[in-house]
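K.L.:
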Amino acid sequence: MKKLLTLLCSAFITTACFSQGTSSTTAPANPATTPTTRSNPTNWLARHEGFVKQAKAGGIEILFMGDSITDNWRSRGKNVWEKVYGPRHAANFGIGGDRTQHVLWRIENGELDGISPKVIVLMIGTNNSNSDSADQISEGVEKIVAVTREKCPKSKILLLAIFPRNKPADKPEQLEKIHQVNERIAKLDDGKMVTFLDINKVFLGPDGKVHADIMPDFLHPNEHGYQLWADAMEPTLEKLLK
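In numbering that gives the first Met the number 0, the protein residues as written are 0 to 241.
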């Protein structure tokens, strides 16, 4: 009887240890790489469906994708957009508040179906910096680039560094995350189909920070900021379009 109890205890301990080991090797899903809709998606889905309809209509030669910084080409950057990109058959698929996972969902649900822009301008990730790690955000951007390449193999991708920010609520570690992400996604530049471009210095003052005369809320450019963006990006964009 004593021997049987010893064997049973040994078996229990072995099973418990095995289960513990198995559990510890199961990595949690990365939210930044998991395609998902927004938590309150009514208007968001309507805008997505509008982009899908626009894609089906065709004729897009330059496509911008991203969050509110891209979205605001429609408002703060409207005059610059109409002058610089309007005549070049450009489309803006930016939605304010989006994170990498939201752009992934949009791409996987029709926004790139049936189109082949000459250049796709992508910048995303600043909204992820509130909660995700630098590695998670980088993996999210990397997945977007990979899926975009699958959907639009003939399109060149102009991947922009996440813009600088220094809102009063921004913590130093959040700003460091963005720096780390930019360093990592820069390696996606293959010299052929993916080009990484960091224009962040044009937004910074002598103290290395963005100022209200370019980004009034220290995150989103004003019209002058959008003109700086267009001017800094133009040489690379022109080269890719050729």
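Quick reminder that beta carbons are idealized off the backbone N, C-alpha and C, glycines included. Being a predicted model, the structure only gives us computed values, none of them experimental.
Run the CB neighbour count on K176, radius 10 Å, all protein chains shown included, and call it buried at 16 or more, exposed below.
P.N.:
Mapped onto the sequence shown, residue 176 falls at position 177. Result: buried.
K.L.:
From the DSSP secondary-structure annotation, give me the bridge partner or partners of V193.
P.N.:
The residue labelled residue 193 in the question sits at position 194 within the sequence shown. BP columns for V193 point to I156.
K.L.:
Grab me the residues of D70's own chain with a C-beta within less than 6 angstroms of its C-beta, minus the 5 sequence neighbours each way, in chain order.
P.N.:
Here residue 70 is taken as the residue at index 71 of the sequence shown, counted from 1. Contacts found: G93, I94 and G95.
K.L.:
Considering Cα atoms alone, identify which of A168, P27, V120 and N221 is closest to R75.
P.N.:
In the sequence shown, counting from the first residue as 1, residue 75 sits at position 76. Minimum Cα distance to R75 is reached at N221.
K.L.:
Under 9 angstroms between the Cβ atoms of G124 and V201?
P.N.:
Walking along the sequence shown from the start, residue 124 turns up at place 125. Walking along the sequence shown from the start, residue 201 turns up at place 202. For G124 and V201, no; Cβs fall outside 9 angstroms.
K.L.:
Just verifying my parser: in three-state terms, what is the DSSP assignment at G65?
P.N.:
Position 66 of the sequence shown, counted from the start, is the residue given in the question as residue 65. It is a strand residue.
K.L.:
Quick one: using the 10 Å Cβ neighbour count with 16 as the cut-off for buried, is T35 buried or exposed?
P.N.:
For the purposes of this step, residue 35 is taken as the residue at position 36 of the sequence shown. Exposed.
K.L.:
Report the option in K153, R46, W228 and V79 whose CA atom is closest to the CA atom of M122.
P.N.:
For this step, residue 122 is matched to residue 123 along the sequence shown. Here the closest residue by C-alpha is W228.
K.L.:
Do three or more CB pairs link the region 25-39 to the region 129-137 at distances below 8 angstroms?
P.N.:
At 8 angstroms Cβ cutoff, the stretches touch.
K.L.:
Among residues of its own chain, excluding the 5 on either side of I161, which ones have a beta-carbon nearer than 7 angstroms to its beta-carbon?
P.N.:
Locating residue 161 in the sequence shown gives position 162, where the first residue counts as 1. Hits under 7 angstroms: M122, G124, T125, I177, V180 and N181.
K.L.:
So, using beta-carbon positions, are I106 and V146 closer together than 9 angstroms?
P.N.:
The residue labelled residue 106 in the question sits at position 107 within the sequence shown. The residue labelled residue 146 in the question sits at position 147 within the sequence shown. In this structure, V146 lies closer than 9 angstroms to I106 by Cβ.
K.L.:
If you compare alpha carbons, which of R148, L62, P163 and R164 is closest to G85?
P.N.:
Here residue 85 refers to the residue found at position 86 when the sequence shown is read from its first residue. Ranking the options by Cα distance to G85, first place goes to L62.
K.L.:
Below 6 angstroms CB to CB, which residues in the same chain sit around R98 once its five sequence neighbours on both sides are set aside?
P.N.:
Mapped onto the sequence shown, residue 98 falls at position 99. Cβ neighbours of R98 beyond the five flanking positions: N126 and N127.
K.L.:
Per DSSP, which one or two residues make a beta bridge with F92?
P.N.:
The residue given as residue 92 occupies position 93 in the sequence shown. Answer is M64.
K.L.:
Quick check on the burial criterion: 16 or more other C-beta atoms within 10 angstroms. Buried or exposed for N91?
P.N.:
One-based indexing of the sequence shown puts residue 91 at position 92. It is buried - the Cβ of N91 has at least 16 other Cβ atoms within 10 Å.
K.L.:
Can you name, in chain order, every residue of its own chain whose Cβ lies under 7 angstroms from the Cβ of V209, other than the five neighbours on each side?
P.N.:
Translated into positions along the sequence shown, residue 209 becomes position 210. Result list for V209: P163, R164, N165, F202, L203 and F217, in chain order.
K.L.:
Should L103 go down as buried or exposed, given a rule of 16 or more other Cβ atoms within 10 Å for buried?
P.N.:
Here residue 103 refers to the residue found at position 104 of the sequence shown. L103 is buried by the Cβ-count criterion.
K.L.:
Is it buried or exposed for A45, if we count other Cβ within 10 angstroms and need 16 for buried?
P.N.:
As a working mapping, residue 45 is identified with position 46 in the sequence shown. Classification of A45: exposed, given that the 10 Å Cβ count is below 16.
K.L.:
Using the Cβ count rule (16 or more neighbours within 10 Å means buried), how would you classify T21?
P.N.:
Mapped onto the sequence shown, residue 21 falls at position 22. Because the pLDDT of T21 is 40, which lies under 50, any placement of that residue in the model is unreliable, and the question is left without a value.
K.L.:
Use the C-beta contact count for D66: other C-beta atoms within 10 angstroms, 16 or more gives buried, fewer gives exposed.
P.N.:
Counted from its first residue, the sequence shown places residue 66 at position 67. Label assigned to D66: buried.
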